[in-house]
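Numbering (our numbering), first residue to last: 0 to 559.
Ideal Cβ placement from N, Cα and C applies to all residues, glycine included.
Presented below is the structure to which this report refers.
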Ligand code: NOJ
């Protein structure tokens with residue numbers, strides 16, 4: 000049998016640099032601040048750190064608009080700081096994965112400045128320029144951040160494509176020179192010693208060259224063009240080329256962020272023999288509660304839907320690819336508020352339950368900063384308290400349509416990206432110990448209760464529970480390799496599944512409800528039961544019959 004690659008046994012911790020730890024009092028997290036907290040991350044048992052972008056950027060989209068791929072953002076520090084960070088991560092036996100944002104750059108990137116300077120510029124084809132049609136945009140596609148996906152440029156009388164903000168022009172992957180430049184840049188970072196990449200909206204890079212219009216939904220001005228750029232015609236070719244030219248020469252971990260990817264495509268992207276990526280982030284579970292207005296509909300969700308989605312991916316990629324496992328990132332609301340219960344009575348219990356449910360599965364788990372202490376969503380009083388470009392643009396559009404303030408704020412509280420971006424809560428001092436200055440985004444007012452110091456001082460905290468789950472993955476082959484089988488598929492309160500590897504079986508049971516539930520698992524036969532982890536105080540005997548689960552109780556049993 001071939002050796003298991005390191006990333007299959009790893010747990011990843013995502014740092015959102017702006018909000019992690021500020022070392023110089025300017026209110027913005029920075030690289031020296033990260034270095035100060037590496038021992039904390041190591042204490043949790045983390046193997047790999049994924050850094051959201053730290054590159055030079057005018058910050059239209061907090062670093063996802065890159066001005067220079069080979070320089071560090073001033074607010075975050077210097078390249079020397081970065082080199083020290085990398086060295087310190089490696090010294091602690093951890094690895095570092097960088098964010099790779101190559102669907103677009105900033106409009107302040109030198110390539111774009113050159114490209115827009117003239118229709119004859121040698122860099123013109125680095126971006127996607129088109130003539131208007133009958134005095135309007137080349138297609139009716141909407142930008143992900145509102146309005147048209149095309150911006151008119153008076154200088155050359157053409158439009159450029161931007162699937163995100165107009166300060167994020169899309170790169171033209173059809174151009175082999177552009178691709179070579181990207182590959183050279185990737186090699187430069189890998190030669191420096193970084194251990195891989197999380198690839199931003201990487202399944203958007205190949206556009207349908209016919210550039211067709213999409214279907215406009217009633218009440219909307221623009222259409223979703225997504226079927227013409229998601230998992231586009233040349234996407235697999237581009238990723239295979241990237242693998243051959245770059246990744247195959249290094250021992251890396253790669254994860255592609257892929258909005259709209261389904262499990263069948265997921266197999267194509269992650270099957271080892273296809274030589275593309277190690278794993279993808281799909282968004283099917285993140286879409287629960289989406290409606291007519293996408294995520295802003297913020298509808299209620301059903302546990303059976305969550306199970307159906309997770310099960311589809313667990314089974315679909317078993318032996319065929321590899322899953323990434325996540326509840327949170329810098330774009331999503333906090334999971335304890337979303338799928339758990341952030342009322343103080345149940346916050347810690349439900350945060351541990353959610354951790355059990357996810358970390359019991361097969362794949363590589365990701366922990367987003369603050370998740371390990373059960374940080375929650377935030378509800379700032381007014382829109383002026385918010386910073387996120389997506390949230391602000393959406394609010395403005397809705398206001399123009401005459402939508403009520405309370406309705407908009409309700410959606411922002413439930414699904415806005417700033418929920419994840421409030422500064423990390425380190426202790427109960429002013430601004431949660433994140434900065435000695437004024438934070439760029441306010442701290443969640445609950446920091447006096449919910450913070451790292453409190454978690455580290457309490458042996459029963461969410462932090463130590465995550466630590467136990469991560470330790471379990473390191474010593475238990477069944478957690479890493481076992482195949483997944485769902486029990487109780489129609490149950491709206493309890494999520495139960497088994498993991499089986501050789502003769503070993505684990506049973507994972509999670510009560511997603513705030514009431515007591517009783518279930519039997521007799522279908523698993525007569526077995527000896529050992530409880531290996533739970534968020535509930537020890538009971539005397541464990542059995543598979545009439546198992547009583549307290550609100551949000553979760554456990555992992557070993558069955559022999
Ligand atoms: C996905 C990133 O996670 C998000 O934060 C960003 O706004 C878009 N891609 C555009 O880069």
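For residue 436, the closest alpha carbon among the candidates 15, 10, 27 is that of 27. DSSP places residue 297 in the coil class of the three-state scheme, outside both helix and strand.
For residue 438 and residue 169, the gap between their C-alpha atoms comes out near 31 Å. The beta carbon of residue 66 sits closer than 7 Å to the beta carbons of 55, 56, 57, 105, 107, 108 from its chain, once the five residues preceding and following it are set aside; these are given in chain order. As DSSP reads the structure, residue 484 sits in a beta bridge with 497. For residue 374, no pairing in a beta bridge is given by DSSP.
Its chain contains 205, 206, 207 as the residues whose beta carbon lies nearer than 7 Å to that of residue 231, once the 5 sequence neighbours on both sides are disregarded; these appear in chain order. The segment 419-431 makes no contact with the segment 162-177; the number of CB pairs closer than 8 Å stays below 3. When C-alpha distances from residue 262 are compared across 284, 147, 113, the shortest belongs to 284. Membership of residue 94 in the beta strand (DSSP E) is indicated by the continuous run 94-99.
Taken through DSSP and simplified to helix, strand or coil, residue 279 comes out as strand. The shortest C-alpha to C-alpha distance from residue 251 to any of 265, 191, 258 is the one to 191.
For residue 163, the Cβ falls inside the 7 Å cut-off from some heavy atom of ligand 1. Taken atom to atom, the span from the alpha-carbon of residue 363 to that of residue 7 is near 6 Å.
Annotation: the continuous beta strand (DSSP E) that includes residue 505 extends over 503-510.
Setting aside the 5 residues that flank it on each side, residue 267 is surrounded in the same chain by 235, 273, 275, each with a C-beta closer than 8 Å to its C-beta; the list follows chain order. For residue 60, the shortest separation between its Cβ and any heavy atom of ligand 1 lies below 7 Å. In the structure shown, the three-state DSSP call for residue 75 is helix. Shortest gap from the CB of residue 281 to any heavy atom of ligand 1: 7 Å or more.
Judged by DSSP in its simplified three-state form, residue 438 adopts coil rather than helix or strand. Under the 8 Å Cβ criterion, the segment 316-323 counts as touching the segment 354-373, having at least three qualifying pairs. A direct Cα-to-Cα measurement between residue 454 and residue 402 gives close to 41 Å.
In the three-state scheme derived from DSSP, where H, G and I count as helix and E and B as strand, residue 402 is classed as coil. In this structure, residue 330 has its CB closer than 7 Å to one or more heavy atoms of ligand 1. For residue 237, there is no enclosing beta strand (DSSP E); the enclosing alpha helix (DSSP H) covers residues 234-244.
The segment 418-472 contains no complete beta strand (DSSP E) run of 3 or more residues.
Beta-carbon to beta-carbon, residue 306 and residue 461 are separated by about 23 Å, too far to satisfy the 8 Å threshold.
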